[in-house]
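>
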Amino acid sequence: MSIFPKRTIQGETVTIHWNFNTSNLNDFHVLPWVRIGIKNPLGKVTMLFEEHVLGLPDEPKELKTEEPKLKYLNKSVPLLLLADYLSGKHKKEKLVEILENIQSGRHYYFTYKVPKNAPLGKYHLISEIHINGELRLSKTAADDFFFVEKMSCKGVEKSSDVRQALIVNHSPEKTPVKIVGCIPTLEGKMQTTVNVFEMGGYEEKKVPLTTSLSFLLYNEERQIVPLQEGSTKCLLRNQQISSLNKSGGDIYLFKKENTEAYHLNESQRILWQKANGLLKTESLTKNERMLLEEMVAEDLIHYLSL
Numbered sequence: 015m016s017i018f019p020k021r022t023i024q025g026e027t028v029t030i031h032w033n034f035n036t037s038n039l040n041d042f043h044v045l046p047w048v049r050i051g052i053k054n055p056l057g058k059v060t061m062l063f064e065e066h067v068l069g070l071p072d073e074p075k076e077l078k079t080e081e082p083k084l085k086y087l088n089k090s091v092p093l094l095l096l097a098d099y100l101s102g103k104h105k106k107e108k109l110v111e112i113l114e115n116i117q118s119g120r121h122y123y124f125t126y127k128v129p130k131n132a133p134l135g136k137y138h139l140i141s142e143i144h145i146n147g148e149l150r151l152s153k154t155a156a157d158d159f160f161f162v163e164k165m166s167c168k169g170v171e172k173s174s175d176v177r178q179a180l181i182v183n184h185s186p187e188k189t190p191v192k193i194v195g196c197i198p199t200l201e202g203k204m205q206t207t208v209n210v211f212e213m214g215g216y217e218e219k220k221v222p223l224t225t226s227l228s229f230l231l232y233n234e235e236r237q238i239v240p241l242q243e244g245s246t247k248c249l250l251r252n253q254q255i256s257s258l259n260k261s262g263g264d265i266y267l268f269k270k271e272n273t274e275a276y277h278l279n280e281s282q283r284i285l286w287q288k289a290n291g292l293l294k295t296e297s298l299t300k301n302e303r304m305l306l307e308e309m310v311a312e313d314l315i316h317y318l319s320l
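The opening position of the sequence shown corresponds to residue 15 in our numbering, with each subsequent residue numbered one higher.
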């Protein structure tokens, strides 16, 4: 069994790969009762698959001819399985065995939609094969789990010259987090400072902020939480618009559905270039706010909530 991703959030989907290996069937068939499911941290079980699965033996070696022939139907390489094993602490021999069984095995894929109000914590996979009264479990049972996580920022406080963000791990499980501080340079580029650590279950922690713009990243860096005082709207250039920089500093914008170009005057050009997704609306001048309304109406700049 392999799971992707191993860390997710409420409302997202997890994909599960199960390999039914028939390479050891020489002169007999099997028809086991297979159960694949998910058990949440509260013990509730959701079954994804409960069916009999037919496994047929390979042809006897004495019937095989020297002339090569197709033996298996082509199968997609289970990249989810490879990614799971390459990222874990598994023996190379186990991975080699898996690779050798890719074609002889039969690959099944299941999806589990994590409810939006799902309990946070560790979810275990159920993988049962019932055959002739015997129960066989997954060989990877020790790694057959995933986490549902949630992190938040309760607020930012300032004492003297030190700013601190109070971040909270809402899960009962340990959760790795990454704090990224952003430092814009005079050339319009950006430098960052990075701090990676692990939060304990239900832990609250004060994190010092060394830059004016900082973010908390978790859930394998897919989830990004701004660390700032209150929520704010930022401005971002319409990423579907192409721009053409002319000599002299003129900028022309081209929308895909329109053959005519939109020419920016000097003030509009400055605002367009500043709207990088991290520009806060409260930092604009009165004149820039007036220009902004026009450019938003023209769908040149979008509001972005962080």
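Ideal Cβ positions, reconstructed from N, Cα and C, are used throughout, including at glycine. None of these values were measured; they are calculated from a predicted model.
1. Candidates Glu64, Tyr122, Lys270: which alpha carbon is nearest Asn33's?
2. Helix, strand or coil for Val67 per DSSP?
3. Identify every residue that forms a DSSP beta bridge with Val28.
4. Indicate the three-state DSSP secondary structure (helix, strand or coil) for Thr295 in the structure shown.
5. Contact check, Ser319 vs Val239 under 8 Å by CB: the rounded distance?
6. Starting from Gln287, follow the alpha helix (DSSP H) in both directions and report where the run begins and ends.
7. Applying the 10 Å Cβ sphere with the 16-neighbour rule, what's the burial state of Leu293?
8. On the premise that Arg177 lies in contact with Leu223, defined as a C-beta separation below 8 Å, what is that separation, rounded to the nearest angstrom?
9. In three-state DSSP terms, what is Asn38?
10. Considering only C-alpha positions, which residue in the set Val191, Trp47, Ser261, Gly262 is nearest to Asn14?
11. DSSP has Ala275 in a bridge; who is on the other side?
12. Does the segment 60-75 come into contact with the segment 120-137, if we say contact requires no fewer than three beta-carbon pairs (one atom in each stretch) closer than 8 Å?
13. Looking at the secondary structure, which residues open and close the alpha helix (DSSP H) in which Ala179 lies?
14. Between which two residues does the beta strand (DSSP E) carrying Glu212 extend?
15. Give me the residue from Phe161, Lys58, Val48, Glu271 with the minimum Cα distance to Ile17.
16. Considering only their Cβ atoms, is the gap separating Gly215 from Ser185 smaller than 9 Å?
17. Just confirm the distance between the C-beta atoms of Tyr126 and Ile23, as a whole number of angstroms; I'd bet it's less than 8 Å.
18. Between Val170 and Glu243, what straight-line distance do the alpha-carbon atoms span, to the nearest angstrom?
19. Would Tyr163 and Glu187 be called neighbours here (beta carbons separated by less than 9 Å)?
20. What does DSSP give as the partner residues of Pro240 in its beta bridges?
In terms of the structure at hand:
1. Tyr122
2. coil
3. Tyr126
4. helix
5. About 12 Å; that fails the 8 Å criterion.
6. 280-288
7. buried
8. 4 Å
9. coil
10. In the structure displayed, the chain extends from 15 to 320; residue 14 sits before or after that span and is not available.
11. Phe268
12. yes
13. Taken as a continuous stretch (DSSP letters only), Ala179 belongs to no alpha helix (DSSP H), being part of the beta strand (DSSP E) at 176-183.
14. 204-213
15. Phe161
16. yes
17. Contact flag wrong, Cβ pair sits at about 13 Å.
18. 5 Å
19. The identity of residue 163 in the sequence shown is Glu, whereas the question assumes Tyr. A contact, by the Cβ cut-off of 9 Å.
20. Phe229
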